[in-house]
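Novice: Structure incoming, see below.
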Amino acid sequence: MAEVIVLESRERVLAGILFTAAAYFLFSAQDASIKLLVAGMTVWQIMFVRSITVLLA
2 MAEVIVLESR
12 ERVLAGILFT
22 AAAYFLFSAQ
32 DASIKLLVAG
42 MTVWQIMFVR
52 SITVLLA
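Written as structure tokens, this is what we have:
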């Protein structure tokens with residue numbers, strides 16, 4: 002019985018690590034895309050589109 006609990010705990014830790022890595026990747030991708038968009042749009046337009054995207058997701 003103890004082995005099952007340890008296995009579930011390890012799976013949760015692995016899932017936490019993977020979710021954290023995915024969050025860092027998405028944050029970096031968002032930062033890079035905003036830096037590319039600043040060349041053609043104003044910061045306020047980019048923030049508006051980003052906010053609408055967050056609300057819809």
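Quick note on numbering: this note's numbering labels position 1 of the sequence shown as 2, and the sequence is numbered without any gaps. Ideal Cβ placement from N, Cα and C applies to all residues, glycine included. In this text, all values refer to a predicted model and were calculated from it rather than measured experimentally.
1) Expressed to the nearest angstrom, what Euclidean distance is found between the alpha-carbon atoms of Leu37 and Val14?
2) Pull up the distance between the alpha-carbon of Thr105 and that of Thr54, whole angstroms please.
3) Helix, strand or coil for Val14? Go by DSSP, reduced to three states.
Specialist: According to the data block:
1) Rounded to the nearest whole angstrom, the C-alpha separation of Leu37 and Val14 is 35 Å.
2) No answer is possible for residue 105: it lies beyond the span of the chain, which begins at 2 and ends at 58.
3) If DSSP states are grouped into helix, strand and coil, Val14 belongs with the helices.
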